[in-house]
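Take a look at the structure set out below.
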Amino acid sequence: MLGQESEELSPFVIPQEDIEVLNASEGFCMLRNYLARDTSFCAQHEGCDSQTKETWILHRDLLHALVMPVLELFNRASALAEAALCTHKSEDLELAFAGDARGAFLCLQCFVDEEEDWCRTRGCPACITSATLSTESHLRLTIAASLLSTSSVATPSTSNASSPANTPTTEEPSTSRALPPLPHILPALRDALSSDPFWGPDHWPYLLSRATQLSAGIQALIDECVNLESLVSSPVADRTAFIGGKRNFTTPGLQYTNAQSEEKGVKLRKSKLAKRQLRLEREEIELMRRLAMQCWAKAKLPKSVRGQMLGQGGEDSRRRRSLTCP
Numbered sequence: 004m005l006g007q008e009s010e011e012l013s014p015f016v017i018p019q020e021d022i023e024v025l026n027a028s029e030g031f032c033m034l035r036n037y038l039a040r041d042t043s044f045c046a047q048h049e050g051c052d053s054q055t056k057e058t059w060i061l062h063r064d065l066l067h068a069l070v071m072p073v074l075e076l077f078n079r080a081s082a083l084a085e086a087a088l089c090t091h092k093s094e095d096l097e098l099a100f101a102g103d104a105r106g107a108f109l110c111l112q113c114f115v116d117e118e119e120d121w122c123r124t125r126g127c128p129a130c131i132t133s134a135t136l137s138t139e140s141h142l143r144l145t146i147a148a149s150l151l152s153t154s155s156v157a158t159p160s161t162s163n164a165s166s167p168a169n170t171p172t173t174e175e176p177s178t179s180r181a182l183p184p185l186p187h188i189l190p191a192l193r194d195a196l197s198s199d200p201f202w203g204p205d206h207w208p209y210l211l212s213r214a215t216q217l218s219a220g221i222q223a224l225i226d227e228c229v230n231l232e233s234l235v236s237s238p239v240a241d242r243t244a245f246i247g248g249k250r251n252f253t254t255p256g257l258q259y260t261n262a263q264s265e266e267k268g269v270k271l272r273k274s275k276l277a278k279r280q281l282r283l284e285r286e287e288i289e290l291m292r293r294l295a296m297q298c299w300a301k302a303k304l305p306k307s308v309r310g311q312m313l314g315q316g317g318e319d320s321r322r323r324r325s326l327t328c329p
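Counted the way my numbering counts, the sequence shown spans residues 4 to 329.
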């Protein structure tokens, strides 16, 4: 639920010359005509005059033009991750990315999960616009989206990647219908923060720095999506190798197994510490194996047979205590 502010005026002030530039864009005008089909104010803002409502709607449309491309990028990244990893678990999708791209994906995943209505600008335009100043996450995403709109980055296609057999499309939108760069919100945001009693003027440098980091992470996410596009359209064997590599990266047990099975190159002499760690790791694996066998035997085997199977039949078979560390 989006909190409704008591103020009747928008916190943002955009110069008239910037508004004229926006209205001259064919893509932005098409977007405004589309959003105008479903525009309704809440009871609190329904009593505003027509000029104030027009301002609220303009600022809502501007936010939609900023945030929706980022939301579509996140949806595309999620679909590509599902296709590459062959999983629908949302908590596993981050494994398809690394570094700054993974951080940006997690940030967008958490924010979209909680604020999808705001990202899609659903509801009262006045409440949507006012909610931009509600949290640091809203501000950081808005600033980052504005920075992305002015950068020249290649965006992945928006074809459906739910099936690995699908191939990415390469069709580009018409240049005249593309959305223009939208840096106009940055001065308006800075002034709104300066005059806001909660934020004040001291928070702008910090928010701009955090938003710049998020913008760089989203650009890295775009690059990784381009790589995943080629992976999704590649043979199944390549995707299987990709899944194995990603899962081994986060599963030390599988790393250890691969390290034993793939002995290539020059053999190096193991240090005492390395030998000790390997011994402890083998002991841990053996203990886990015995624990699993004991649980299975207790559930499936009679007591008389259980001890013989586990090697606990006689006095000589008792486990002797020993020091595992010097």
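Yeah, the Cβ is synthetic: ideal placement off N, Cα and C, and Gly gets one too.
All values derive from a computational prediction rather than experimental measurement.
(request) Determine, using beta-carbon pairs with one atom in the region 63–79 and one in the region 140–157, whether at least three such pairs fall under 8 Å. (result) yes
(request) Please state if the CB of Ala223 and the CB of Leu30 are separated by a distance shorter than 8 Å. (result) Residue 30 sits at position 27 when you count from the first residue of the sequence shown. Residue 223 sits at position 220 when you count from the first residue of the sequence shown. First, the residue type needs correcting, since residue 30 is Gly and not Leu in the sequence shown. Their beta carbons are not under 8 Å apart, which means Gly30 does not touch Ala223 by this criterion.
(message) Pop quiz: Val16 and Asp199 are said to be a contact at Cβ under 8 Å. What is the actual Cβ separation, rounded to whole angstroms?
(response) For the purposes of this step, residue 16 is identified with residue 13 of the sequence shown, where counting begins at 1. For the purposes of this step, residue 199 is identified with residue 196 of the sequence shown, where counting begins at 1. For Val16 against Asp199, the beta-carbon gap comes to about 13 Å, at or over 8 Å, which does not count as contact.
(message) Using 8 Å as the cut-off, can you tell me whether the region 43–50 makes contact with the region 198–212, which would need three or more C-beta pairs spanning the two stretches below that distance?
(response) no
(message) Just to confirm the assignment: which complete beta strand (DSSP E) runs, minimum length 3, are found wholly within the region 54–96?
(response) none
(message) Can you tell me whether Phe86 is buried or exposed? The criterion is at least 16 other CB atoms within 10 Å of its CB, across all chains shown.
(response) By one-based count along the sequence shown, residue 86 stands at place 83. It is Ala, not Phe, that sits at residue 86 in the sequence shown. Buried, since its Cβ has 16 or more Cβ neighbours within 10 Å.
(message) As a quick exercise: from Gln112, Asp21, Lys278, pick the residue whose alpha carbon is nearest that of Leu61.
(response) Translated into positions along the sequence shown, residue 61 becomes position 58. Cα-wise, what sits closest to Leu61 is Asp21.
(request) Starting from Arg35, follow the alpha helix (DSSP H) in both directions and report where the run begins and ends. (result) Residue mapping note: residue 35 aligns to position 32 of the sequence shown, counting from 1. Where Arg35 is concerned, the enclosing alpha helix (DSSP H) stretches over 29–38.
(message) With H, G and I counted as helix, E and B as strand and the rest as coil, what does DSSP make of Glu49?
(response) Reading the sequence shown from its first residue, position 46 is the one you call residue 49. DSSP places Glu49 in coil when its eight states are reduced to three.
(message) According to DSSP, simplified to helix, strand and coil, what is Trp202?
(response) Mapped onto the sequence shown, residue 202 falls at position 199. Of the three classes helix, strand and coil, the one that applies to Trp202 here is coil, per DSSP.
(request) Mark Asp64 as exposed unless 16 or more other C-beta atoms lie within 10 angstroms of its C-beta, in which case mark it buried. (result) To locate residue 64, count along the sequence shown from 1; it is residue 61. Buried, by the Cβ-count rule.
(request) Using alpha carbons as the reference points, say which of Asp95, Leu12, Arg79, Ala82 lies closest to Lys56. (result) The count along the sequence shown starts at 1 and reaches residue 56 at position 53. Nearest option by C-alpha distance: Leu12.
(message) Spatial neighbours of Leu211 within its chain, please: C-beta separation below 8 Å, excluding the five flanking residues on both sides.
(response) Taking the first residue of the sequence shown as position 1, residue 211 is located at position 208. Once the five neighbours on either side are set aside, the close Cβ partners of Leu211 are Ile146.
(request) Provide the residue span of the alpha helix (DSSP H) that contains Asp226, from first to last. (result) Along the sequence shown, read from residue 1 onward, the residue named residue 226 stands at position 223. Note, Asp226: alpha helix (DSSP H), 207–235.
(message) Measuring only the C-alpha atoms, how far is Leu290 from Leu281?
(response) Taking the sequence shown and counting its residues from 1, one reaches residue 290 at position 287. Taking the sequence shown and counting its residues from 1, one reaches residue 281 at position 278. Near 14 Å, if we compare the C-alpha coordinates of Leu281 and Leu290.
(message) Only counting the same chain, and skipping five residues up and downstream in sequence, which positions put a Cβ closer than 7 Å to that of Asp95?
(response) Taking the sequence shown and counting its residues from 1, one reaches residue 95 at position 92. Once the five neighbours on either side are set aside, the close Cβ partners of Asp95 are Leu88.
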